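One line per chain: the protein sequences are W and L, in this order.
Be aware that the first sequence starts at 838, since it is given in our numbering, and climbs by one per residue.
Be aware that the second sequence starts at 12, since it is given in our numbering, and climbs by one per residue.
Don't be surprised by glycine CBs; every beta carbon is placed ideally from N, CA and C.
This one's a predicted model, so the numbers in the text were calculated from it and none came from an experiment.
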Amino acid sequence: MSSPYRSWGRYPDHPPAQVVVLRDRPVELPSAPAPMLAYGLGRSYGDSCQNGGGTLLVTRGLDRFIAFDPERGVLRCESGVSLDAILQLAVPQGWFLPVVPGTRFVTVGGAIANDVHGKNHHRAGSFSRHVLAFELLRSDGRLQCSRTENAALFAATIGGLGLTGLITRVDLQLERVPGPWMQVETLRFAGLEEFFALSAASARSHAYSVAWIDCLARDRAFGRGLFTRADFIATDRPSPRMRGPALPVPFTPPLPLVGGPGTRWFNRAWYYWPRRQIDVQPYARFLFPLDGLSHWNRLYGPRGFLQHQCVLPPECDREALSEILSAIVHAGTGSFLAVLKRFGDFTSEGLLGFPRPGTTLALDFPNRGAGTLDLLARLDDIVAAAGGAVYPAKDARMSSTHFRRFFPRWREFSQHIDPAFSSSFWRRVTAGDGEAD
Amino acid sequence: MRRILIIGATSAIAEACSRLWAERGDRLFLAGRNEARLTAIADDLRVRGAAGVDTATVNVDDIDMHAAVIAAAHDMMGGLDIALIAHGVLPDQERCNQDTGLTLRAFHTNATATIALMHRLALRFEAQGAGVLAVISSIAGDRGRAMNTVYGAAKSAITTYASALRQRLWRCGVHVLTIKPGFVDTPMTAGMRRNALFSTPHTVAWGIVRAIDRRRNVVYLPWFWRPVMAVIRLIPEVLFRRMRF
């Protein structure tokens, strides 16, 4: 049986030499000779949550609330608390997380370490904008970090991939919502121009928006997709029952069940499937559609899958986006999961933060070996030429040359790394001199 | 609102139970060995909605302290409706096989101290003519195995003692619940390889809370351990002694 501490994409696999399960906030860091890395719920796709040959500090036992002020909506909790647990606590009291990613099964610490974003980035920015402070346990001591105290370390830790130390405690500002229901509007768009027009219009009218794009549609259908936008609404409906995932994928099938040759037809059916244009839904269905199917990553089979998520700067996002889509159509190896979103004018505060103004595209690819890796490297070239960036939380293979171009402040960041911490991702992207181009 | 005493409150299963009770607005008294963790758990339970949380640091091995802890819980909460005994240690069997003292110490924690607590709680519940005494035993107590000799023997003692208490206390309205979890993914089992038979502390806790609500007598958690253990108990000793599981 493989290590239970793998990444979500299940590729690559760098097993740790040692696993330390943390249960108490006041603990000291283990004095391990090998480098350490925090591991939460394992939802990073590639190797940024892996530490091959090193020590994993498993934080899911640091899952206690510390204090909640229901008047001001300020929550203090341990870093291993999941966003799911926070929503279960806060929503009945009229509060919501200001930013949630596409799954609620991530820890608060992971949400900061990747400075995650959501479908309301154009209104709310990324997760860390709503983080008031946190405690960082480093090999040389325990530090309180905020925008006024240890501010440089605060900025480095945001999107810092867990390399600046172990986040133990977090103070979060929540946001008022009228209730657990959202009004969701779904619109078809026939091409990329329509997508950009809908995005611009919806940025003013709706708090949440996201698009699914049929990344295998070619010729006249090129760039078609479904645009969804939503807002929380006040309604008399009773609260929906929040349960765990309804359906599990119980085992890993020997071959990928998604992303195969039938995908083109599946995508086509999904695009034309008749659906209600305006619908009232529980927030989880709109915000976390895949959480209903636990372990959905197993559908990609034993070799796992790779995700490519990039952001393209607003000056040239239209051209670069159609170049990327053309490359995928040409390769003919896309999958159903393709998400497009226009970010707002917020740049992540983090030195390595990913969210920035522009358009982001996320694509899943079943791992078919060298062919898949070649295609993703080509996509990296397009992103680099456009001046964009690839999201480290989703990455398992970008070159160190590309990494340094995508995140030019990496050298400044590396001064804040705790010398006792490292990850497989970091060793990979800083290997070699990387200055070749 | 019910008033609940949890002994061994810092164990993963006990913490998961106390969260479920806190979300219902129950009143909790937590006794455990690790003071810092007790404080952290108490803060967490207050945020989750507990009507009140008090803590006491206690080493259950010290049997003389038991009466004071039970009295403190009773006084702080103004009564006692439910007591959950959840402490336990899983000693390294290889070392126990070589060390009589270690074996007896593990037996003391898992069995003698537990029986002492059950005895005192039984007296209190008997006097008030109501209450629920829930104790975490284990499927390991259903049949002795070389892999966990002393742990299994201690759990077997608890199971038998609980069964006897149930018969005695049933007449005066006191309910005794024997909880037999299978393999649970907790720090206690950190040295074991995880497989499909493992369940989460949350699943087990949910089963415990429900069994107390429904006044069940003996629960296997998850349920499938009941038929599995029934079969294992039927294996003739002649065969069983050759088996390695």
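- Item | Contact set between Ala61/L and chain W, taken where Cβ atoms lie within less than 9 Å | Mapped onto the second sequence, residue 61/L falls at position 50. Within 9 Å Cβ-Cβ: nothing; Ala61/L doesn't reach chain W, min ~11 Å.
- Name the residues in the segment 184-206 of chain L whose C-beta lies less than 8 Å from a C-beta of chain W; which are they? Pro198, Ala201, Arg204, Arg205 and Asn206
- Buried or exposed: where does Thr1072/W fall if 16 or more other Cβ atoms within 10 Å of its Cβ makes it buried? Within the first sequence, the letter at position 235 stands for residue 1072/W. So Thr1072/W counts as exposed.
- Item | Under 8 Å between C-beta atoms of Gly1224/W and Ser965/W | Here residue 1224/W is taken as the residue at index 387 of the first sequence, counted from 1. Here residue 965/W is taken as the residue at index 128 of the first sequence, counted from 1. No.
- Query: Does the Cβ-Cβ distance between Leu16/L and Phe40/L come in under 8 Å?
  - Reply: Taking the first residue of the second sequence as 1, we reach residue 16/L at position 5. Taking the first residue of the second sequence as 1, we reach residue 40/L at position 29. For Leu16/L and Phe40/L, yes; Cβs fall inside 8 Å.
- Message: Beta-carbon within less than 6 Å of Trp932/W's beta-carbon, same chain only, minus the 5 sequence neighbours each way: which residues are those?
- Response: On the first sequence, position 95 is the one that residue 932/W refers to. Cβ within range, chain order: Gly910 and Leu1011.
- Message: In chain order, what are the residue ranges of uninterrupted beta strand (DSSP E) at least 3 long that sit wholly in the segment 146-212 of chain L?
- Response: 185-192
- Collapsed DSSP secondary structure at His1239/W in the structure displayed: Along the first sequence, one-based indexing puts residue 1239/W at 402. Looking at His1239/W - three-state DSSP - the assignment turns out to be helix.
- Query: With distances taken from CA atoms, which of His1043/W, Gly1028/W and Phe1069/W is nearest Trp1049/W?
  - Reply: Translated into positions along the first sequence, residue 1049/W becomes position 212. Answer by Cα proximity: Gly1028/W.
- Item | Cβ-Cβ distance between Ala145/L and Leu176/L below 8 Å | As a working mapping, residue 145/L is identified with position 134 in the second sequence. As a working mapping, residue 176/L is identified with position 165 in the second sequence. In this structure, Leu176/L does not lie closer than 8 Å to Ala145/L by Cβ.
- So Gln887/W packs on Ser1237/W, CB below 8 Å; how close in whole Å? Position 50 of the first sequence, counting from 1, holds the residue named residue 887/W. Position 400 of the first sequence, counting from 1, holds the residue named residue 1237/W. 17 Å between Cβ atoms; not a contact.
- Query: Which residue comes first and which comes last in the alpha helix (DSSP H) that contains Cys982/W?
  - Reply: In the first sequence, residue 982/W corresponds to position 145, counting from 1. Not the alpha helix (DSSP H): Cys982/W falls in the beta strand (DSSP E), residues Gly978 to Ser983.
- Task: Could you tell me if Trp181/L is buried or exposed, where buried requires 16 or more neighbouring beta carbons within 10 angstroms of its beta carbon?
- Result: Position 170 of the second sequence, counted from the first residue, corresponds to residue 181/L. So Trp181/L counts as exposed.
- Query: Nearest CA to the CA of Asn206/L: which residue from Asp196/L, His213/L, Val215/L and Thr214/L?
  - Reply: As a working note, residue 206/L is residue 195 in the second sequence. Nearest C-alpha to Asn206/L: Asp196/L.
- Any heavy atom of the ligand MN closer than 7 Å to the Cβ of Ile903/W? In terms of ligand content, the structure shown is empty, and the ligand MN therefore cannot be addressed.
- Task: Return the chain-ordered ranges of every beta strand (DSSP E) run that is complete within the segment 900-945 of chain W and spans a minimum of 3 residues.
- Result: 902-906 and 911-915
- Inter-stretch contact at 8 Å, needing at least 3 Cβ pairs: the segment 1099-1107 of chain W / the segment 1146-1165 of chain W: no
- Cβ-based neighbour list, Trp236/L, same chain, cut-off 6 Å, excluding 5 preceding and 5 following: Within the second sequence, numbered from 1, the residue matching residue 236/L stands at position 225. Excluding positions up to five away in sequence, the list reads Ile150 and Gly193.
- Message: Quick check on the DSSP output: the alpha helix (DSSP H) that includes Pro238/L runs from which residue to which?
- Response: By 1-based counting over the second sequence, the position of residue 238/L is 227. Element bounds for Pro238/L: Trp236 to Leu245.
- Message: Against chain W, does Arg131/L count as a neighbour if the rule is that its beta carbon must be under 8 Å from one of theirs?
- Response: Here residue 131/L refers to the residue found at position 120 of the second sequence. False, the Cβ-Cβ gap to chain W never drops below 8 Å.
- Message: Taking its Cβ as the centre, do 16 or more other Cβ atoms sit within 10 Å of Phe256/L, making it buried, or is it exposed?
- Response: Here residue 256/L refers to the residue found at position 245 when the second sequence is read from its first residue. Exposed.
- Message: Let me check understanding here. Comparing Cα to Cα, which of Ala1168/W, Ala1175/W and Thr1196/W lies closest to Gly1181/W?
- Response: Position 344 of the first sequence, counted from the first residue, corresponds to residue 1181/W. It is Thr1196/W.
- C-beta atoms of Gly1302/W and Ala871/W nearer than 8 Å: In the structure as shown, chain W begins at 838 and stops at 1274. Residue 1302/W is therefore absent and cannot be evaluated.
- Item | For Val71/L, three-class secondary structure by DSSP | In the second sequence, counting from the first residue as 1, residue 71/L sits at position 60. DSSP places Val71/L in coil when its eight states are reduced to three.
- Query: If you draw a straight line from the C-alpha of Ile1254/W to the C-alpha of Gly1002/W, how long is it?
  - Reply: Counting from 1 along the first sequence, the entry for residue 1254/W is found at position 417. Counting from 1 along the first sequence, the entry for residue 1002/W is found at position 165. Approximately 7 Å between the Cα atoms of the pair.
- Length at least 4, wholly inside the segment 1098-1172 of chain W: the alpha helix (DSSP H) runs in chain order: 1100-1109, 1120-1124 and 1154-1168
- For His77/L, count neighbouring C-beta atoms within 10 Å of its own C-beta (all shown protein chains included) and say buried if the count is 16 or more, exposed if not. Your numbering for residue 77/L matches position 66 in the second sequence. Looking at its Cβ environment, which holds 16 or more other Cβ atoms inside 10 Å, His77/L is buried.
- Would you mind reading off the limits of the alpha helix (DSSP H) that contains Thr1023/W? Counted from its first residue, the first sequence places residue 1023/W at position 186. Premise fails: Thr1023/W lies in the beta strand (DSSP E), Trp1018 to Phe1026, not in any alpha helix (DSSP H).
- Query: Name the residues in the segment 38-60 of chain L whose C-beta lies less than 7 Å from a C-beta of chain W; which are they?
  - Reply: Ala47, Arg48, Ala51, Ile52, Asp54, Asp55, Val58 and Arg59
- Hey, which unbroken runs of the beta strand (DSSP E) at 3 residues or more fall wholly within the segment 1174-1210 of chain W? 1175-1179 and 1196-1203
- Item | Proximity test, Cβ basis, 8 Å: Leu926/W and chain L | Sequence index remark: in the first sequence, residue 926/W carries index 89 (1-based). With 8 Å as the cut-off, Leu926/W counts as an interface residue toward chain L.
- Starting from the Cα of Leu1189/W, find the closest Cα among Ala948/W, Gly996/W and His1239/W and give me that residue. Working through the first sequence from its first residue, we reach residue 1189/W at position 352. For the residues Ala948/W, Gly996/W and His1239/W, the minimum Cα distance to Leu1189/W belongs to Gly996/W.
- Which same chain residues, not among the five before or five after Ala904/W, have their C-beta less than 7 Å away from its C-beta? On the first sequence, position 67 is the one that residue 904/W refers to. Here the set comprises Arg913.
- Task: For Ala869/W, I'd like the list of residues in its chain whose CB is within less than 6 Å of its CB, leaving aside the five on either flank, ordered along the chain.
- Result: Position 32 of the first sequence holds residue 869/W. So the list reads Thr892, once near-sequence residues are dropped.
- Task: Please list, in chain order, all residues of the same chain as Gln1114/W whose beta carbon is under 8 Å from its beta carbon, the five residues on each side excluded.
- Result: Residue mapping note: residue 1114/W aligns to position 277 of the first sequence, counting from 1. Only Glu1022, Thr1023 and Leu1024 meet the Cβ criterion.
- Task: Might you give, ordered along the chain, the residues of its own chain that have their beta carbon closer than 7 Å to the beta carbon of Asp1274/W, omitting 5 neighbours on each side?
- Result: Taking the first sequence and counting its residues from 1, one reaches residue 1274/W at position 437. Residue confidence is low: Asp1274/W scores 42 on pLDDT, short of 50, so the model does not pin down where it sits. Its coordinate-derived value is still stated next. Excluding residues within five positions, the ones whose Cβ falls inside 7 Å are Thr1238.
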